[in-house]
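J.: One structure, as structure tokens, below. Some questions next.
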Amino acid sequence: MKSKTSLARLSFLVFGFAFLYLPILSLVFYSFNKSRLVTVWGGFSTEWYGKLFENEPILDAAWLSLRVAAINATGATILGTLAGLALARFGRFRGRTLFTGMITAPLVMPEVITGLSLLLLFVATEHAFGWPEGRGVSTITIAHMTLTLSYVAVIVQSRLASLDVSLEEAAMDLGARPARVFLLVTLPIISPALISGWLLAFTISLDDLVIASFVSGPGSSTLPMVIFSKVRLGVSPDINALATIMVSLVTVGVVIAGLVTRRSVRVRQRDLEMAAGVH
Amino acid sequence: MKPAVQPGGSQRFGAAVRRLSGAARNLPPVRWTQALLVRLGVRGLRGRTAVIAVPYLWLLLFFLVPFVIVLKISFSEAQIAMPPYQPLLHWAGDRLADIRLNVNPGNYLYLFEDSLYLRAFANSLQVAALSTALALVIGYPLAYAIARADARWRAILLMLVILPFWTSFLLRVYAWIGILKSNGLLNNLLLWLGVIDHPVVMLQTDFATYLGIVYCYLPFMVMPLYANLEKMDLSLLEAAEDLGCRPLRAFISITLPLSTPGIVAGCMLVFIPAVGEYVIPALLGPADSLMIGKVLWTEFFNNRDWPVASAVAIALLLVLVAPIVYFQRLQGRASGART
């Protein structure tokens, strides 16, 4: 009886992960294919990686996307941390319901609506105030920050909610001003949440096609926009090579992050045990 | 004395706005915001107020105001100019009383007149609903198996579910083109196995759209389900087993009802974005696929009809407002329970 249920669970796992990973693995596998026909095996080759690094439009777009993603992630982390702090620590304040609504709505809002509405805003402000002068990096960054600050806020809020307030209270009892308490006590404790928020904002920005297509101007194509226009015409082996590079980077990053958090959890546990032993 | 050439009313209004904002334009945005706040009487802006005000103003300006603009443009008439719509307020003379309101509900009527839009809405809802159900059928067993796995493995398995989410969405959709196309992996596999004797058309079908949505949104289904199943009190199941309840029955009468909040949250996270999905139907679906996100895109980029595109966006928002509000309530309750 017991083995039957565990066998069922094992088959769920195998089927689920096969569904999630076989398509990605197929991308990686065929990136080393000599044949131009992506899914017909023509022998091992790394020529598509070479081709990828000669492709100027893709490289330019990648550089633009990386810049936008980095600025966006930094801005979204600052704004999102403030928002998460307000939601988790300030109790009821005037306009809280609207604030909560504006934080959670972008998480599920269809991208076409967000993209369209931001573009119409930029067109209207350009018409009325002369800002922004043309669309490009700045408008894409603002649009992405609006979207991703919500993700950061939710992460920071849930981290703060699970955090013991007694540390902050102790610091305040000892006479530290709120800003000082935040910088010296709260911020170091929630720094893992800030790092994962930054990375999430970075990834979402790097990956976004729809919103960027709406708010970008001529001459500022992001990486997903270039990939999309290429992929629309069918499969192309250098996109497989690009996908392989991205998947490897993400995998390495996630594994390192996993090891670091596991280590810090273990260190914290040991500290707690030692503290308990002292008492 | 009147000038010989009377400038148009709206032009004069625009000039006035520009003059008013003339000084502001020369200031960096930060100082401009500060000056504005001081003017509004918000003095001593620090601490608590600043923490709330900065993200609040940002969201008001870049999230709420844009919706008001979309709403406004959805009621205006299209014209061939830049921007391609007529203003709602129209200065007919030179006095304040000469303002003419130029509200045009025609864009919304058009959505009902041309059956394309209603069919697109119905089709999007259907595709999203069916994909959500499929994602639940695939995601629930996976979430269940992870939640009941050995504690040592759980974190790693969970990480494996999230990992595809960190890789590019677009490239994961792209992967399916290579799998589904006529001389793609799946057709070759089926031919080799002898299941079919000639390639089946799978790419650019509704089937491919469903598959793409299920594949891309599966992590969103698994995460809330896992969170729910993982914290479930297992002693209930042990009690049932002690009383002679078979595992399947215990699952149906205990685990399944208790996991309803997880099921609802997961389904919302898949359904709501799937309704307005653009990339998946554009790459995997049929060329004439009627998904509302695609219709909005075409209306905006190809037909350049901004007012109709805005009306479609507002209609889509109205369709989704009930599930979105429901989802927010759910989130609010969950975070309330946590604190």
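Here the protein sequences come in this chain order: A and B. For the first sequence, position 14 (counting from the first letter as 1) is numbered -1 according to this note's numbering, and the numbering increases by one without interruption. Heads up: take any position in the second sequence, counting from 1, add 349, and you land on this note's numbering. Beta carbons are placed, not taken as given, at the ideal position from N, Cα and C, and that holds for glycine. Note that the coordinates shown come from a computational prediction; the quantities given were computed from them, not determined experimentally.
Find out if the Cβ-Cβ distance for the pair I125 of chain A, S201 of chain A is shorter than 8 Å.
T.: Numbered from 1 along the first sequence, position 140 holds the residue referred to as residue 125 of chain A. Numbered from 1 along the first sequence, position 216 holds the residue referred to as residue 201 of chain A. For I125 of chain A and S201 of chain A, yes; Cβs fall inside 8 Å.
J.: Which runs of the alpha helix (DSSP H) fall wholly inside the region 88 to 127 of chain A and span at least 4 residues, in chain order?
T.: 96 to 114
J.: Could you tell me whether the Cβ of P601 of chain B comes closer than 8 Å to any Cβ of chain A?
T.: Indexing the second sequence from 1 puts residue 601 of chain B at position 252. Strictly speaking, residue 601 of chain B in this sequence is Ile, with Pro absent from that position. Answer no: the Cβ-Cβ gap between I601 of chain B and chain A never drops below 8 Å.
J.: Mapping DSSP to helix, strand and coil, what is A636 of chain B?
T.: Here residue 636 of chain B refers to the residue found at position 287 of the second sequence. The answer is coil: DSSP assigns A636 of chain B none of H, G, I, E or B.
J.: Between the Cα of G561 of chain B and those of B:A599, B:E579, B:V613, B:A631, spot the shortest distance and give me the residue it belongs to.
T.: On the second sequence, position 212 is the one that residue 561 of chain B refers to. The shortest C-alpha separation from G561 of chain B is found at B:A631.
J.: According to DSSP, is A524 of chain B helix, strand or coil?
T.: Working through the second sequence from its first residue, we reach residue 524 of chain B at position 175. DSSP places A524 of chain B in helix when its eight states are reduced to three.
J.: Going by DSSP in three states, Y627 of chain B sits in which element: helix, strand or coil?
T.: For this step, residue 627 of chain B is matched to residue 278 along the second sequence. In this structure, Y627 of chain B counts as coil in the three-state DSSP scheme.
J.: Comparing the CB of V97 of chain A with every heavy atom of the ligand ADP, is any distance shorter than 7 Å?
T.: In terms of ligand content, the structure shown is empty, and the ligand ADP therefore cannot be addressed.
J.: If you compare alpha carbons, which of B:I603, B:R653, B:S423 is closest to N451 of chain B?
T.: Position 102 of the second sequence, counted from the first residue, corresponds to residue 451 of chain B. If you compare the alpha carbons of B:I603, B:R653, B:S423 with that of N451 of chain B, the shortest gap goes to B:S423.
J.: Taking the alpha-carbon of L64 of chain A as reference, which of B:L410, B:A427, B:V403, B:L420 has the nearest alpha-carbon?
T.: Counting from 1 along the first sequence, the entry for residue 64 of chain A is found at position 79. Considering only alpha carbons, the answer is B:V403.
J.: Residues bridged to F29 of chain A by DSSP?
T.: The sequence position of residue 29 of chain A within the first sequence is 44, counting from 1. According to DSSP, which records beta bridges pairwise, F29 of chain A is partnered with A:N18.
J.: Please list the partners that I98 of chain A has in chain B, where partner means a Cβ-to-Cβ separation under 7 Å.
T.: Start at 1 with the first residue of the first sequence, and residue 98 of chain A comes out as number 113. Correct list: G625, A662, L665, L666.
J.: With a threshold of 8 Å, are at least 3 pairs of Cβ atoms found where one atom belongs to the region 484 to 500 of chain B and the other to the region 571 to 590 of chain B?
T.: yes
J.: Taking the runs of the beta strand (DSSP E) that are 3 residues or longer, which of them lie wholly in the region 444 to 481 of chain B?
T.: 448 to 450
J.: Would you say S517 of chain B lies against chain A (beta-carbon separation less than 8 Å)?
T.: Your numbering for residue 517 of chain B matches position 168 in the second sequence. Yes, contact with chain A.
J.: Report the three-state DSSP secondary structure of A427 of chain B (helix, strand or coil).
T.: Position 78 of the second sequence, counting from 1, holds the residue named residue 427 of chain B. Reduced to three states, the DSSP call for A427 of chain B is strand.
J.: Would L(-2) of chain A pass as an interface residue toward chain B - the criterion being a Cβ-Cβ separation below 8 Å?
T.: Taking the first sequence and counting its residues from 1, one reaches residue -2 of chain A at position 13. Yes, its Cβ sits closer than 8 Å to a Cβ of chain B.
J.: Please list the terminal residues of the continuous alpha helix (DSSP H) segment that includes E153 of chain A.
T.: To locate residue 153 of chain A, count along the first sequence from 1; it is residue 168. Taken as a continuous stretch (DSSP letters only), the alpha helix (DSSP H) holding E153 of chain A covers 151 to 158.
J.: Identify every run of the alpha helix (DSSP H) within the region 195 to 224 of chain A, keeping only runs that are complete inside it and at least 4 residues long; order them along the chain.
T.: The region 195 to 224 of chain A contains these whole alpha helix (DSSP H) runs: 195 to 200, 208 to 216.
J.: Taking the alpha helix (DSSP H) that Y566 of chain B belongs to, which residues open and close that run?
T.: Here residue 566 of chain B corresponds to residue number 217 of the second sequence, with the count starting at 1. 555 to 579 is the span of the alpha helix (DSSP H), which, as asked, contains Y566 of chain B.
J.: Across the region 655 to 675 of chain B and the region 411 to 427 of chain B, are there enough close Cβ pairs to call them in contact, namely three or more that are closer than 8 Å?
T.: yes
J.: Cutting at 8 Å between CB atoms, please list the residues of its own chain near T133 of chain A, excluding the five before and the five after it.
T.: Numbered from its first residue, the first sequence carries residue 133 of chain A at position 148. N57, A58, A61, G65, L185, A186, I189, S190.
J.: Quick check: the Cα distance between L7 of chain A and I487 of chain B, rounded to an integer number of angstroms?
T.: Taking the first residue of the first sequence as 1, we reach residue 7 of chain A at position 22. Taking the first residue of the second sequence as 1, we reach residue 487 of chain B at position 138. Answer to the nearest angstrom: the Cα atoms are 15 Å apart.
J.: Do V619 of chain B and T558 of chain B count as a contact pair if the criterion is CB distance below 8 Å?
T.: Numbered from 1 along the second sequence, position 209 holds the residue referred to as residue 558 of chain B. Numbered from 1 along the second sequence, position 270 holds the residue referred to as residue 619 of chain B. With contacts defined by Cβ atoms closer than 8 Å, T558 of chain B and V619 of chain B do not form a contacting pair.
J.: So with Cβ pairs under 8 Å, would you call L12 of chain A a contact of chain B?
T.: What you label residue 12 of chain A is simply residue 27 of the first sequence in a count that begins at 1. At least one chain B Cβ lies under 8 Å of L12 of chain A.
J.: Give the residues of chain B in contact with D192 of chain A, contact being defined as C-beta atoms less than 7 Å apart.
T.: Counted from its first residue, the first sequence places residue 192 of chain A at position 207. For the C-beta of D192 of chain A, the chain B residues within less than 7 Å are, from N- to C-terminus, S517, F518, L519.
J.: Just curious, the alpha helix (DSSP H) that I63 of chain A is in, first and last residue?
T.: On the first sequence, position 78 is the one that residue 63 of chain A refers to. Looking at the DSSP string, the run of the alpha helix (DSSP H) that includes I63 of chain A is 41 to 74.
J.: What residues match up with Y746 of chain B in a beta bridge as DSSP calls it?
T.: In the structure as shown, chain B begins at 350 and stops at 688. Residue 746 of chain B is therefore absent and cannot be evaluated.
J.: So, helix, strand or coil for M617 of chain B, using DSSP?
T.: Here residue 617 of chain B is taken as the residue at index 268 of the second sequence, counted from 1. Reduced to three states, the DSSP call for M617 of chain B is helix.
J.: Under a CB-based cut-off of 8 Å, is S102 of chain A close to chain B?
T.: On the first sequence, residue 102 of chain A is found 117 positions in, with the first residue counted as 1. Answer yes: the Cβ-Cβ gap between S102 of chain A and chain B drops below 8 Å somewhere.
J.: I want to see whether chain B comes within less than 8 Å of M231 of chain A, judged by CB atoms only; does it?
T.: Position 246 of the first sequence, counting from 1, holds the residue named residue 231 of chain A. Closer than 8 Å to some Cβ of chain B, the Cβ of M231 of chain A qualifies, so yes.
J.: If I measure Cβ to Cβ from V472 of chain B and keep anything under 6 Å in the same chain, skipping five residues before and after, which residues do I get?
T.: Looking up residue 472 of chain B in the second sequence gives position 123. Before going further, note that residue 472 of chain B is Asn rather than Val in the sequence given. Only L639 meet the Cβ criterion.
J.: Tell me whether P548 of chain B sits in a helix, a strand or coil according to DSSP, three-state version.
T.: For the purposes of this step, residue 548 of chain B is taken as residue 199 along the second sequence, with counting starting at 1. Residue state, collapsed to three classes: coil.
J.: Taking 8 Å as the threshold (beta carbon to beta carbon), is R501 of chain B in contact with chain A?
T.: Position 152 of the second sequence, counted from the start, is the residue given in the question as residue 501 of chain B. Not closer than 8 Å to any Cβ of chain A, the Cβ of R501 of chain B fails to qualify, so no.
J.: Under 7 Å Cβ to Cβ from P265 of chain A, same chain only, skipping five residues before and after it: list those, please.
T.: Nothing about residue 265 of chain A can be read from this structure; chain A reaches only from -14 to 264.
J.: Applying a beta-carbon distance threshold of less than 7 Å, which residues of chain B neighbour G243 of chain A?
T.: Numbered from 1 along the first sequence, position 258 holds the residue referred to as residue 243 of chain A. Residues of chain B passing the Cβ test: M508.
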